[in-house]
Structures are given as structure tokens and as C-alpha cells.
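These protein sequence lines are chains A and B, in that order.
Each residue of the first sequence is one higher than the one before, starting from 1411 at the first, in our numbering.
Each residue of the second sequence is one higher than the one before, starting from 75 at the first, in our numbering.
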Amino acid sequence: MTRIPILQMGDCLLVTIQVDLQDRAAVSLQEDLANKIESSGARSVLIDISALEIVDSFIGRMLAGISGVARVLDAATVVVGMQPAVAITLVELGLSLNGVRTALNVERGMRLLRVAAEERVHDPDA
Amino acid sequence: MTPTPDAVELRVETDIVICRQAVRRLTQTLNFSLVDQTRMITAASELARNTLVYGGGGEMRWTVVQRDTRAGLRLDFEDHGEGIPDLGLALTDGWTSGGGMGLGLSGSKRLVHDFVIRSVVGEGTCVTITRWA
């Protein structure tokens, strides 16, 4: 099984999914990311799915799971680069990706994470 | 049972990926639009996982179908598992007998033009989907 690499840039973890995602690889990624957030103290996670040709309910559940776990570990997650055909199919399938923040591309995703980080600085209770 | 050449075995998890790749190839050959390719592959992915997880494995068979001048792709997902006692319930959004989200059957139904499910308790389940190019 191919493990999805996790890159660290400052306090941000970057994941680019480049392969047709096997179920087990998706589950491993969720666990690996949780461990990496804990060990690195990362405050944000950016997941690039622009190379993903489909997102089915299993992969969708994994993305929601990552966002949820990261939030509990005090890190913000953004999923970027979803192909239009994937977005259309996802909505028709009935998956709304509740609780998952998305952005059109990496640049907008990074901006979103920066804003989230600044809000945290200005509001210590957040 | 020996699968025919126009079939993909669904025995292990990696077979889901192989199934998706086969459906992509088929829909491309039939000149499906990108969105229609994605719909069909996603539906196949859901049903292949159901065959594996709930049906204990089986196979996907494919047939290129023709209606007037229109070509289509028909996929059959068959298992010899426990079968589904209540099809109405199984087709309800959000209902699941396993750990999933309960979108496999109901969701994939929305992604295709034709959806037929037959299930006999104790004998197995066969889901047939068709999408026209």
C-alpha cells in the first residue's frame, strides 16, 4: 500500500493526494496526520485533492474525519483543488462535506489558513 | 465461479481501485463527458465496496448497451452474501447496516439513469446500473 506523504512547512502540514486512493491508504492518512499534528504542533493542515478523479462516500468520510480530528487537536484544515466534475458528483451522491473547509486552489487555501491563524492570535479564547 | 473476460473480481480492497480504473477506461471509450465519467466511476466505487464489505466479495461485470443511436454502459455487481432483508430500508439515505454513511445504494442510484437491485436473503445481491453516453 502506498502511504501518502505529509510535508511540513512552518506550522502547516501539506498533503497532496496524487494516487487513486485505496481505502486503507485513506485510513492511514487520517491516523498519520493526527500523529503528525501532535508531534509537530502544527496549527493547520492543507489537503490538495486536485489530482483526485473521484471522491466517493468513503474518501468523503475520511476528509470529514481528518477535519474533525484536526480541530480537536487545535489545527484548522482546508481541502483545496476539487475538480468541478468531482464537486458535481459529490453533491449528487448526497455528500455535503459538513464541517470541511474548502478552497478553490492552494493559494486561496493558504490565505484561509492564515486568516484562521490571525483570528486565533487576536482572540485568545478561540 | 470463473469470471468472464468482461468482469472484474471483487475480493480484496485493491480490487475497488481496479474496478474504478476499468470503469474509467470503458466510459472514456464510450465518449462519456467528464462529469458522466465521474458519476459512473463514483457509483461503481460505492457498489464495488458494498459487494466487498457487505456481500463478502463477488464481481463486477460490464456490458456495452445500445439503444437507437445511443450507447451506454451497464454494470452488474453481484455477490453471494447474506442478501438484504429490507430493500426499501437499504435504499434510504443515511441508513447503514455497517459503519458507512448510508449513501452507497441511495447515492449511486442518483448518479445513473437506471438502477435495479435484486436480493435474496441467504443467496446474495445483484445491483445493475446503466448510464447512457
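C-beta: ideal position from N, C-alpha, C; glycine also.
Apart from sequence neighbours up to five positions away, the residues of its chain that approach S193(B) with a beta-carbon distance below 7 Å are G157, I158, L161, T199, ordered along the chain. Taking C-beta atoms as the reference points, A118(B) and L185(B) fail to come closer than 7 Å.
Taking 8 Å as the Cβ-Cβ cut-off, the segment 163-189 of chain B approaches chain A at D167, G174, M175, L177, G178, S180, G181, S182, R184, L185, given in chain order. If the five residues before and after L1507(A) are omitted, its C-beta is found closer than 8 Å to the C-beta atoms of G1470, L1473, A1474, V1489, L1500, all from its own chain and listed in chain order.
The beta-carbon of S193(B) is placed no less than 7 Å from the nearest beta-carbon of chain A. Here the segment 87-100 of chain B makes no contact with the segment 1516-1528 of chain A; the two share fewer than three CB pairs at distances below 8 Å. By a beta-carbon distance limit of 8 Å, T112(B) contacts V1496(A). Their separation comes to about 6 Å. According to the DSSP assignment, L149(B) belongs to the beta strand (DSSP E) that extends over 144-153.
Under a 10 Å Cβ-count criterion, L163(B) is classified as exposed, with fewer than 16 other Cβ atoms of the shown protein chains found around its own Cβ. From the listed residues M1492(A), G1519(A), T1512(A), D1484(A), the smallest Cα separation to V1531(A) is found for D1484(A). A direct Cα-Cα distance of roughly 22 Å separates L1522(A) from L1462(A).
In this structure, DSSP gives A1485(A) a state outside helix and strand, which the three-state scheme calls coil.
Excluding its 5 nearest sequence neighbours in each direction, N1515(A) has C-beta neighbours in its own chain below 7 Å: V1490, G1491, listed in chain order. In this structure, the straight-line span from the alpha carbon of A1480(A) to that of R148(B) is close to 41 Å. Taking a beta-carbon distance threshold of 7 Å, E83(B) does not count as an interface residue toward chain A.
Those residues of the segment 1431-1446 of chain A placed with their C-beta closer than 7 Å to a C-beta in chain B are Q1432, D1433, R1434, ordered along the chain. A1435(A) and D1442(A) have their C-alpha atoms spaced approximately 10 Å apart. A Cβ-Cβ distance of about 5 Å is found for the pair G178(B) and N124(B), placing them in contact under the 8 Å criterion.
Boundaries cannot be given for I1459(A), as no alpha helix (DSSP H) includes it and DSSP labels it neither H nor E. Proximity of G1491(A) to chain B, defined by a Cβ-Cβ separation below 7 Å, is not satisfied.
In chain order, T1412 place their CB closer than 6 Å to the CB of V1429(A), counting only its own chain and leaving out the 5 sequence neighbours on each side. In the DSSP annotation of this structure, M1492(A) is not part of any beta strand (DSSP E), being labelled neither H nor E.
Apart from the 5 residues on each side of it in sequence, I1416(A) sits with its Cβ closer than 7 Å to the Cβ of L1423, V1425, D1442, L1443, K1446 in its chain, given in chain order.
Interface with chain A (7 Å Cβ-Cβ cutoff): L108(B) is included.
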